[in-house]
Amino acid sequence: MLLAAGAVACVFLDGREKLAARVCLVIVLAGSLLIAVDAVKVLSGGVPPSVAVDLGVPMGIARFEVDGLTALFLCLIAGLSTVCALYAQGAMAPYFNRSMRVEKFFFFYILLVASLVVAAMARNVIVFLTALEVMTLASFFLILFDHGDDGVRRSAVSFMVYMHIGLLLVTAALLIGVAGSGTMDLSGITTHFKPHLCSNGGSVGILFPLLFVGFGFIAGFVPLHLWPVLVHGGAYGGAYGTPSRPVPAPMSAIVSAILSGLVANMGIYGILRVVSLAGGLPLWIGYALFFVSVVSGFYGIINALAQHDIRRLLAYVGIGNIGITGAGISVGLIGLSSGLPQMAALGLSGALLHMVNYTVFTGLLFCGAGSIGSAVHTNDVNLMGGLIKRMPFTGFAFLVGVMSVCGLPPFNGFISEFIIYGGIITGFNPSMGLLLATLVPGVAALALIEGLSVLVFAKIFGIAFLGECRSSGATQSVESPKTMVAAMMILCAVSLFTGLMPTVAVKALQYPLSALHAGLSGVPPGGIASVAGDVSMAVIVFLSITGGLLLLRLLALKRAQASTAPVPLPVGKRAGKAPYAPPEAPLTWFGGYEAVNPAMQYTVSSFNSPLCGIAGSRMCGGDTEGSALGTPGKTLPLKETSSWALFYPNAQDFFEGRFYLPLWRAVERVLGKFSRIESGHKDGRIGNYLLYMLSALIILLILLVVYTWNGGSFSQVLGALPGVVRWS
0 MLLAAGAVAC VFLDGREKLA ARVCLVIVLA GSLLIAVDAV KVLSGGVPPS
50 VAVDLGVPMG IARFEVDGLT ALFLCLIAGL STVCALYAQG AMAPYFNRSM
100 RVEKFFFFYI LLVASLVVAA MARNVIVFLT ALEVMTLASF FLILFDHGDD
150 GVRRSAVSFM VYMHIGLLLV TAALLIGVAG SGTMDLSGIT THFKPHLCSN
200 GGSVGILFPL LFVGFGFIAG FVPLHLWPVL VHGGAYGGAY GTPSRPVPAP
250 MSAIVSAILS GLVANMGIYG ILRVVSLAGG LPLWIGYALF FVSVVSGFYG
300 IINALAQHDI RRLLAYVGIG NIGITGAGIS VGLIGLSSGL PQMAALGLSG
350 ALLHMVNYTV FTGLLFCGAG SIGSAVHTND VNLMGGLIKR MPFTGFAFLV
400 GVMSVCGLPP FNGFISEFII YGGIITGFNP SMGLLLATLV PGVAALALIE
450 GLSVLVFAKI FGIAFLGECR SSGATQSVES PKTMVAAMMI LCAVSLFTGL
500 MPTVAVKALQ YPLSALHAGL SGVPPGGIAS VAGDVSMAVI VFLSITGGLL
550 LLRLLALKRA QASTAPVPLP VGKRAGKAPY APPEAPLTWF GGYEAVNPAM
600 QYTVSSFNSP LCGIAGSRMC GGDTEGSALG TPGKTLPLKE TSSWALFYPN
650 AQDFFEGRFY LPLWRAVERV LGKFSRIESG HKDGRIGNYL LYMLSALIIL
700 LILLVVYTWN GGSFSQVLGA LPGVVRWS
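Residues in the sequence shown are numbered consecutively from 0, following numbering that gives the first Met the number 0.
Here you go:
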């Protein structure tokens, strides 16, 4: 109710953008504190609160419950939404006093947060689906805020299309469940179908696959992954057209952080909720999800290598990390179905923790990308460079996010991935050939994904923050406002705390783990937490020793330089000569050549070319887009800057160019056949539409008469048609 009141208040603050921003922060902070209090109580072992509301026919009794899994997700919603609201205080400042109706942005922002909270707590089918629909619409209008840009409009429409495909599948599955069980309650549906989970035919056989595919669209698993790419990196006008990207503003970073950290994770939450309600699923679902997850992780990270747009790169990295989370869930499902509780506990614990970590570091990376874009006025990594000297706080925050997403100690990504690896290794059983044949290649693939992640972010951080400035925008860049820096520092602190104190994070997973499956309540998380703590402590000791050795080396070098430096003679004793000046230090790696310019630095394509040459163009983003006058896939454009030419390709997504775009064009051609029927004539007269309505009513009446002649009841037919007026 508080969030709803805050959203309404923002609507009435017309023209007072600063006040609307403050109200948004206060309302989201207050609502998040109220949500977090109940969530923390549940995670600490308290009684899960539950409320039942009678909504009448046809919705019935609507239950709202906060169990361990819901409490964990509510903490994510409260935390990231508050941090992004703080970030928005500085990020939305460029839009003030520009007739942009900024208060509408904050209205839809609060509405999105409220819909996520309701969806997480709802146990009624209609309430749950309604909350998901509101979530989609609020996200759509947030993306569409800067609607003057063609790329923004394309991104918003693409998001709406792909999300509604997923929602359609989820709705179909839940309606099948309602029809079979006769109840609107989610737990009642799964209770009815539990004895038939292993059925291969009928409605039961397609119920859970439909749910997994539908939530997979929302989460962004490959090949259902295009909405994150199109929203964060811009939508393509054609299979080989030049992408029109959203304006590189920190406002878009807020939207990207929320969509990746919370909306995409709603798909993961939906899959976990299906697991918790079902109590046990067929073994083949676990194997199928493991395969899809590994493919998603590898596909996402290999496509990230070929990108030069920082937000599009982060979108593919997010897809890769969704794949890692899915791998943890699948390991847990395989463990449950194979009677291996320790494997199941490790896999699901790692998935839950990686979901939390993904929310933290993806929010940090997108906020950092927004700060960079607003300072440099571009999303192109090739036009950055040297930013660490001009934006030190943003550079530090981005480096923390980079190390977290790469799974490097002592940050949070390392702990969750270590637990997932532990679950996979626990499942190594020579007597189970299929299990062993699945997990061994899976471990190798996940290790390769992490190695490629390090390569991706060595590229992006090295090119964007190190070296010399590559454009006038990079030369003139300055640090972001204090509120934006403060938001990024909060996420840095959470990432570092989780990595240094993993026992606290892992022990908090006890009740979410037991909510996923009752059989896991007997597997104490203390053993998992102690192992994670030991690994973290070993890493801290190693880093401390390494840091101490580097400090000693630095001191020794300073002493050596001080002892070998020539002693300058007094000016008076150097008659007729200029005062002594020590020689300048030679430039490193230039072999005596001092006419250095930015054109000598690596670009994204030159950094990627060795690996993409091995993987092939299809694995590195599909076909290469040529210039306007070139041949698609053959001619590579040169992007001119002030003093040098930049050589790089625009890599297009393989599934987008080979499947989705041809599909949408075919649908467009088919629908185009009906354009004349739709408008009647080119001027589109209203009389034609009235004629269509009258024809439809006549056809309906004819069908009803035919039905009654065959023995059907006319009143029964009318009663079965909702919205039709009944005659007494």
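The beta carbon of each residue, even a glycine, is placed where N, CA and C say it ideally should be.
The structure presented is a predicted model; accordingly, all values stated were derived computationally and were not measured.
Open item on the list: Measuring straight from C-alpha to C-alpha, what distance separates residue 231 and residue 368?
Closed with: In the sequence shown, residue 231 corresponds to position 232, counting from 1. In the sequence shown, residue 368 corresponds to position 369, counting from 1. About 11 angstroms.
Open item on the list: Using C-beta distances below 7 angstroms, list every residue in its chain close to residue 115, excluding the 5 sequence neighbours before and after it, in chain order.
Closed with: Indexing the sequence shown from 1 puts residue 115 at position 116. If we look at residue 115 and ignore the five residues flanking it on each side, its Cβ neighbours are 76, 134, 261, 265.
Task: Rounded straight-line distance, which links the Cα of residue 671 to that of residue 390 - done: By 1-based counting over the sequence shown, the position of residue 390 is 391. By 1-based counting over the sequence shown, the position of residue 671 is 672. About 51 angstroms.
Open item on the list: Are the CB atoms of residue 374 and residue 85 within a distance shorter than 7 angstroms?
Closed with: Residue numbering aside, residue 85 sits at position 86 when the sequence shown is read from its first letter. Residue numbering aside, residue 374 sits at position 375 when the sequence shown is read from its first letter. No. Outside cutoff.
Task: Assigned secondary structure, residue 379 (DSSP; H/G/I helix, E/B strand, else coil) - done: In the sequence shown, the residue the question calls residue 379 occupies position 380. DSSP places residue 379 in strand when its eight states are reduced to three.
Task: Exposure of residue 420, with buried meaning 16 or more beta-carbon neighbours within 10 Å - done: Working through the sequence shown from its first residue, we reach residue 420 at position 421. Classification of residue 420: buried, given that the 10 Å Cβ count is 16 or more.
Task: Residue from 541, 497, 482 whose Cα sits closest to the Cα of residue 21 - done: Locating residue 21 in the sequence shown gives position 22, where the first residue counts as 1. Looking at the Cα atoms, 482 is the closest of the given residues.
Open item on the list: What does the alpha-carbon distance come out to for the pair residue 350 and residue 686?
Closed with: Numbered from 1 along the sequence shown, position 351 holds the residue referred to as residue 350. Numbered from 1 along the sequence shown, position 687 holds the residue referred to as residue 686. Using only the alpha carbons, I get a separation of about 58 angstroms.
Task: Separation of residue 167 from residue 209, as counted between CA atoms - done: Within the sequence shown, numbered from 1, the residue matching residue 209 stands at position 210. Within the sequence shown, numbered from 1, the residue matching residue 167 stands at position 168. Their backbone Cα atoms lie some 10 angstroms apart in a straight line.
Task: Rounded separation between residue 141 and residue 156 - CA only - done: Working through the sequence shown from its first residue, we reach residue 141 at position 142. Working through the sequence shown from its first residue, we reach residue 156 at position 157. Distance between the alpha carbons of residue 141 and residue 156: 12 angstroms.
Task: Top-ranked residue by Cα proximity to residue 279, from 189, 466, 480 - done: For the purposes of this step, residue 279 is identified with residue 280 of the sequence shown, where counting begins at 1. The option with the nearest alpha carbon to residue 279 is 189.
- [ ] Could you give the DSSP three-state label for residue 729: helix, strand or coil?
- [x] Shown here, the chain extends from 0 to 727; a query on residue 729 therefore has no answer.
TODO: May I have a chain-ordered list of the alpha helix (DSSP H) segments no shorter than 4 residues that lie completely inside the region 128-166?
DONE: none
TODO: Compute the Euclidean distance between the alpha carbons of residue 498 and residue 535, then round it to the nearest angstrom.
DONE: If you number the sequence shown from 1, residue 498 lands on position 499. If you number the sequence shown from 1, residue 535 lands on position 536. Going by the C-alpha atoms only, they are around 7 angstroms apart.
Task: Own chain, CB closer than 7 angstroms to residue 394, minus 5 neighbours either side, in chain order - done: As a working note, residue 394 is residue 395 in the sequence shown. Here the set comprises 386, 387, 464.
- [ ] Kindly identify the DSSP beta-bridge partner or partners of residue 121.
- [x] Sequence index remark: in the sequence shown, residue 121 carries index 122 (1-based). DSSP, once it has assigned bridges, lists 63 as partnering residue 121.
TODO: State the beta-bridge partners of residue 53 as determined by DSSP.
DONE: By one-based count along the sequence shown, residue 53 stands at place 54. 60, per the DSSP bridge assignment.
Task: Local Cβ density within 10 Å of residue 38, reported as buried at 16 or more and exposed below that - done: What you label residue 38 is simply residue 39 of the sequence shown in a count that begins at 1. Under this definition residue 38 is a buried residue.
TODO: Can you have a look at residue 449 and say buried or exposed, based on whether 16 or more other CB atoms are within 10 angstroms of its CB?
DONE: To locate residue 449, count along the sequence shown from 1; it is residue 450. With 16 or more Cβ atoms within 10 Å of its Cβ, residue 449 is classed as buried.
TODO: Could you pull out every residue in the same chain whose Cβ sits closer than 6 angstroms to the Cβ of residue 201, ignoring the five residues on either side in sequence?
DONE: Position 202 of the sequence shown, counting from 1, holds the residue named residue 201. Summary for residue 201: the model assigns pLDDT 47, below 50, so the residue's position carries little reliability; its value from the coordinates is reported in the next sentence. Around residue 201: no qualifying Cβ.
TODO: Quick one: give me the first and last residue of the alpha helix (DSSP H) that residue 231 is part of.
DONE: Counting from one through the sequence shown, the residue named residue 231 turns up at place 232. Looking at the DSSP string, the run of the alpha helix (DSSP H) that includes residue 231 is 225-232.
TODO: With a threshold of 16 other CB atoms inside 10 Å of the CB of residue 692, please say whether the residue is buried or exposed.
DONE: Taking the first residue of the sequence shown as position 1, residue 692 is located at position 693. The residue is exposed, with fewer than 16 neighbouring Cβ atoms inside 10 Å.
Task: C-alpha distance - residue 668 paired with residue 690, whole-angstrom precision - done: Numbered from its first residue, the sequence shown carries residue 668 at position 669. Numbered from its first residue, the sequence shown carries residue 690 at position 691. Taking the straight line from one Cα to the other gives about 25 angstroms.
Open item on the list: Just verifying my parser: in three-state terms, what is the DSSP assignment at residue 533?
Closed with: As a working note, residue 533 is residue 534 in the sequence shown. Here residue 533 sits in helix by DSSP.
TODO: Can you say whether residue 427 is buried or exposed, counting buried as having 16 or more other CB atoms within 10 angstroms of its CB?
DONE: Position 428 of the sequence shown, counted from the first residue, corresponds to residue 427. With fewer than 16 other Cβ atoms within 10 Å, it is exposed.
TODO: State the Cα-Cα distance for the pair residue 451 and residue 304, rounded to the nearest angstrom.
DONE: Locating residue 451 in the sequence shown gives position 452, where the first residue counts as 1. Locating residue 304 in the sequence shown gives position 305, where the first residue counts as 1. Taking the straight line from one Cα to the other gives about 8 angstroms.
TODO: Starting from the C-beta of residue 507, find all residues in its chain whose C-beta is less than 6 angstroms away, skip the five residues before and the five after it, and write them out in chain order.
DONE: Looking up residue 507 in the sequence shown gives position 508. For residue 507, where only same-chain residues beyond five positions count, the Cβ hits under 6 angstroms are 42.
- [ ] May I ask you to report which of helix, strand or coil DSSP gives residue 184?
- [x] Residue numbering aside, residue 184 sits at position 185 when the sequence shown is read from its first letter. Of the three classes helix, strand and coil, the one that applies to residue 184 here is strand, per DSSP.
- [ ] Could you tell me the boundaries of the alpha helix (DSSP H) in which residue 402 lies?
- [x] As a working note, residue 402 is residue 403 in the sequence shown. Here the alpha helix (DSSP H) through residue 402 covers 391-404.
Task: Exposure of residue 324, with buried meaning 16 or more beta-carbon neighbours within 10 Å - done: Here residue 324 refers to the residue found at position 325 of the sequence shown. Result: buried.
TODO: For my contact list, residue 284 and residue 207 are in at a C-beta cut-off of 8 angstroms; report their separation, rounded to the angstrom.
DONE: Mapped onto the sequence shown, residue 284 falls at position 285. Mapped onto the sequence shown, residue 207 falls at position 208. Their Cβ separation, rounded to whole angstroms, is 7 angstroms, which keeps residue 284 and residue 207 in contact under 8 angstroms.
Open item on the list: Pop quiz: residue 1 and residue 35 are said to be a contact at Cβ under 8 angstroms. What is the actual Cβ separation, rounded to whole angstroms?
Closed with: On the sequence shown, position 2 is the one that residue 1 refers to. On the sequence shown, position 36 is the one that residue 35 refers to. Contact flag wrong, Cβ pair sits at about 13 angstroms.
TODO: Could you tell me which of 277, 336, 46, 226 sits nearest to residue 315, measuring between CA atoms?
DONE: Here residue 315 refers to the residue found at position 316 when the sequence shown is read from its first residue. Measuring from the Cα of residue 315, the nearest candidate turns out to be 226.
Task: Inter-residue CB distance, residue 255 and residue 310 (contact presumed, cutoff 8 angstroms) - done: Here residue 255 is taken as the residue at index 256 of the sequence shown, counted from 1. Here residue 310 is taken as the residue at index 311 of the sequence shown, counted from 1. Residue 255 to residue 310, Cβ: 6 angstroms. Contact.
TODO: Tell me whether residue 688 is buried or exposed, calling it buried when 16 or more other Cβ atoms sit within 10 Å of its Cβ.
DONE: The residue you call residue 688 lines up with position 689 of the sequence shown. Under this definition residue 688 is an exposed residue.
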